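Right, one structure below, let's go through it.
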Amino acid sequence: MTTTEIIAQTIGFVAFALGVASFLQKKDINLKILLMIQAMTLCVHFILLGRYTGAVAVFITGVRNGLSLFGWAKKLAPLFYLSVLGFGWYTFDEWIDIFPILAGLIGTTAFFFLSGIRMRLTLVISSSMWLTHNILVGSIGPSIMEGFMVCAGLYRAYRLNIEHKRALGNDPALTP
6 MTTTEIIAQT IGFVAFALGV ASFLQKKDIN LKILLMIQAM TLCVHFILLG
56 RYTGAVAVFI TGVRNGLSLF GWAKKLAPLF YLSVLGFGWY TFDEWIDIFP
106 ILAGLIGTTA FFFLSGIRMR LTLVISSSMW LTHNILVGSI GPSIMEGFMV
156 CAGLYRAYRL NIEHKRALGN DPALTP
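Under the numbering used here, the first residue of the sequence shown is numbered 6, with each subsequent residue one higher.
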């Protein structure tokens, strides 16, 4: 492994730690700020690995996460779609590069237009795209991170479903 690859993988593990830390936040603002910092860290990671489509897609994700702190950002969703498609096309090098593009498009949809269980399950699909990309390009820390995100998203969707059923009086624990 070259020095650049070692630095890239180290930065990838820093991004993994930021991702885990973001899940521990109680306040949405802290979550979104950490996710923005994590995305910029991943951008550097992918640049060092020479994966420019991934770098561009995750950079756009970071900007999206940062702007989502403001209520008016939803109006910018078409700009995010066009940015992911345009820069994704410009940096597209091989078939693996389709995964960050799909992840960016799916994540934007989840972030701006969905909520609750639908949002979480859609984010699981986005994370699955990133997981596939990260495994294929040898991105160790971010692969572990996205695996964690998929599991956490599925778990949270499951828990939300149970809470929803209980609120409706259909508590699965109470039925024989």
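The C-beta atom is built at its ideal place from N, Cα and C for all residues, glycine as well. All values derive from a computational prediction rather than experimental measurement.
Query	Result
Are the CB atoms of Arg56 and Thr113 nearer to each other than 8 Å?	no
Pro83: which of Ala157, Phe116, Tyr95, Glu99 sits nearest, CA to CA?	Phe116
Of the residues Ala162, Leu40, Leu141, which one's Cα is nearest the Cα of Gly71?	Leu40
Taking Ala13 as the reference, give the member of Ala60, Arg164, Ala44, Val49 with the closest Cα.	Val49
When the Cβ atoms of the stretch 152 to 159 are set against those of the stretch 119 to 135, are three or more pairs found closer than 8 Å?	yes
Mind pulling the alpha helix (DSSP H) runs of 4 or more residues that sit fully within the stretch 33 to 109?	33 to 54, 57 to 72, 82 to 96
Tell me the residue span of the alpha helix (DSSP H) that contains Gly121.	121 to 142
Output the boundary residues of the alpha helix (DSSP H) element that contains Val174.	In the sequence on display, residue 174 carries Gly and not Val. Note, Gly174: premise wrong, no alpha helix (DSSP H); not H, not E.
Using 8 Å for Cβ pairs, my map puts Ile16 next to Leu53. What's the rounded Cβ distance?	7 Å
Counting only the same chain and skipping the five closest in sequence on each side, list residues whose C-beta sits under 6 Å from that of Ala108.	Ser131, Met134, Trp135
Under the assumption that Val25 contacts Phe153 (Cβ atoms under 8 Å), give the Cβ distance between them as a whole number of angstroms.	7 Å
Consult DSSP for Thr7 and reduce its assignment to one of helix, strand or coil.	coil
Short check: CB of Leu165 to CB of Ile111, under 8 Å?	no
Looking only at its chain, what residues have a beta carbon closer than 7 Å to the beta carbon of Leu36, apart from the 5 residues adjacent to it on each side?	Ser27, Gln30
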